[in-house]
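Contents: one structure, followed by commentary.
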Amino acid sequence: MLKKHFIVVLFLLLFAAIGFAEQSSDSIVSRRSLFVIPHASYQQETSVAPGIAYGYYFKSKDISRISSISGSAVYTFRNQFTFNITPKIFFNSSNWYLYSNLNFRNYPDYYFGIGNKPTNTEQAYTSQNLSLLLQPQYIISKHFLVGASLSARFERLLTYSTFERNKSAIFQQFGNEGWEPYSQLNVGLVAAFDSRDNQFYPQKGIFVKSFFTCSKAGWGSNYSLLELSLDFRQYIPLFESHVLAWQVYYNGIFGGNGIPFELLPTVGGRDILRGFRQGMYRDNALIMGQAEYRLPIYKRLKAAVFCAVGDVMNNSDYKIDKLKVAYGGGLRYRLNDARVHLRLDFAKNNYGDKLQFYITATEAF
């Protein structure tokens, strides 16, 4: 497993709210803002890995519709890297909204098998991956959006000598899909309802988003797949900026001729079931619910406590061996008038794994 011996936040804030006007009101963001957050980590597989998280936020007359460009980048002392950029743009007099993402990486990881039970499999590999997602959506009314979803992905895995010794057992138990280079081109539909007062740190409102995509082998893809996702979130204001937020999330991917394991839904990471290592448990379907209580501390500083339950499962039996529970807390620091917050989270789980630490500039949901 990737073991982080230390994580160093070099500067919590290098540039915050670089603006061109006086303090804005709650309903108008009258100045642009930029932040860059440097950080560094050390792992045996990467050596020292410096990186940044960044974001640029445009001026807006409506705090619920703010265009932004955010992302992250890491480059290790062993010439490994990840690069991620997510433009979210309102255009044509805010009649259209484009959600997009570009991800490029050459980075080590571990394969733990498929399923929701712990396994003895722990196979190192390096993922060379390029992926693009485009979701242009037409705003048909104040809260409703409909549009198309287009995604493309190419991936190649680099393996080591241990894989050659173990691959027969791995293929026999979990299949061999995803170990050979593959490409996928997915097209589909997306629909959303969004009544949140702000997309970065909502204090009231509801957000619902669903998309359905498909791909066909031979039409730019190696695999014929169907994917369905449903995301429901509600934000309930309590008193004096105290907010109760909760989410239910489902993601399923189905295919008759196999599915590359990197495409399977997985628990863990900084957003879904924080407290589990991302990639340790993966399967055809994921269902998860989480709640978070957010409260002010002093001026720009806030805190949060959270709990989540869920699991991955196979679409043939939907059997859960031991439901996964994660819990934790953290701090938030508001970076700009768009309500973007620096997020520091600590989380544990009911499987007895070690404490997980996350630093990012977006909320989990």
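To convert, note that position 302 of the sequence shown is 306 in the working numbering; the numbers rise steadily by one, no gaps. C-beta atoms are modelled at their ideal positions from N, C-alpha and C, and glycine is treated no differently. These numbers come from a predicted model, not from an experiment.
Check your understanding: Opposite residue 251 in the DSSP bridges: which residues?
Key -> Under DSSP, the beta-bridge partners assigned to residue 251 are 237 and 294.
**Study point:** Ordered list of beta strand (DSSP E) runs contained in the stretch 25-76, each at least 3 residues
**Key:** Assignment of beta strand (DSSP E) within the stretch 25-76, counting only whole runs of 3 or more residues, yields 37-47 and 51-61 in chain order.
Review point. Straight-line CA distance for residue 367 to residue 252?
Key: It is roughly 15 Å from the alpha-carbon of residue 367 to the alpha-carbon of residue 252.
**Study point:** DSSP-derived helix/strand/coil call for residue 274
**Key:** Coil.
**Study point:** According to DSSP, residues forming a beta bridge with residue 368
**Key:** BP columns for residue 368 are empty, so no partner.
Practice item. With a 10 Å radius around its C-beta and 16 neighbouring C-beta atoms as the bar for buried, classify residue 82 as buried or exposed. Key: Result: exposed.
Check your understanding: So which of 355, 294, 153 and 147 has the shortest CA-CA distance to residue 274?
Key -> Selected option, being the one with the closest Cα: 294.
Check your understanding: The alpha helix (DSSP H) with residue 168 in it runs from where to where?
Key -> Where residue 168 is concerned, the enclosing alpha helix (DSSP H) starts and stops at 165-178.
Exercise for review: Report the option in 72, 76 and 65 whose CA atom is closest to the CA atom of residue 56.
Suggested key: In terms of Cα proximity to residue 56, the closest of 72, 76 and 65 is 76.
Review point. What is the DSSP secondary structure of residue 350, reduced to helix, strand or coil?
Key: Reduced to three states, the DSSP call for residue 350 is strand.
Check your understanding: Per DSSP, which one or two residues make a beta bridge with residue 87?
Key -> Residue 87 is bridged to 77 and 108.
Review point. Opposite residue 289 in the DSSP bridges: which residues?
Key: Residue pairing of residue 289 in beta bridges, as defined by DSSP: 256 and 317.
**Study point:** Cβ contact (3+ pairs, closer than 8 Å) linking the stretch 316-326 and the stretch 337-353
**Key:** With a cut-off of 8 Å, the stretch 337-353 and the stretch 316-326 do not count as touching, because too few Cβ pairs lie within range.
Exercise for review: Using alpha carbons as the reference points, say which of 353, 197 and 230 lies closest to residue 261.
Suggested key: Cα-wise, what sits closest to residue 261 is 230.
Point to revise | Among 359, 99, 137 and 168, the one whose alpha carbon lies nearest that of residue 157 | key: Out of 359, 99, 137 and 168, 137 has the C-alpha closest to the C-alpha of residue 157.
Check your understanding: Helix, strand or coil: how does DSSP classify residue 204 here?
Key -> Three-state DSSP puts residue 204 in coil, outside helix and strand.
**Study point:** Which of helix, strand or coil DSSP assigns to residue 265
**Key:** Here residue 265 carries a helix assignment [DSSP, helix/strand/coil].
**Study point:** residue 197, enclosing beta strand (DSSP E) - first and last residue
**Key:** Per DSSP, residue 197 belongs to the beta strand (DSSP E) from 186-198.
Check your understanding: Are the beta-carbon atoms of residue 272 and residue 265 separated by less than 7 Å?
Key -> Judged by their CB atoms, residue 272 and residue 265 are not nearer to each other than the 7 Å cut-off.
Review point. Which one of 171, 59, 132 and 145 has the shortest CA to CA distance from residue 116?
Key: Nearest option by C-alpha distance: 171.
Exercise for review: Check residue 307 in the structure and name its three-state DSSP category.
Suggested key: It is a strand residue.
Review point. Are the stretch 236-253 and the stretch 290-304 touching, with three or more C-beta to C-beta distances below 8 Å?
Key: Yes, they touch.
**Study point:** residue 212 and residue 151 closer than 7 Å at C-beta
**Key:** No, the Cβ-Cβ distance between residue 212 and residue 151 is not below 7 Å.
Review point. Span of the beta strand (DSSP E) holding residue 373?
Key: Any question about residue 373 goes unanswered here, given that the chain covers just 5 to 369.
Exercise for review: Take residue 205 as the anchor and find which of 220, 218 and 246 has the nearest alpha-carbon.
Suggested key: Of the candidates 220, 218 and 246, the one whose C-alpha sits nearest the C-alpha of residue 205 is 246.
Practice item. List the whole-angstrom C-beta distance separating residue 70 from residue 203, where the pair is believed to meet the contact cut-off of C-beta under 8 Å. Key: For a cut-off of 8 Å, the C-beta gap from residue 70 to residue 203 is around 7 Å, short enough to register as a contact.
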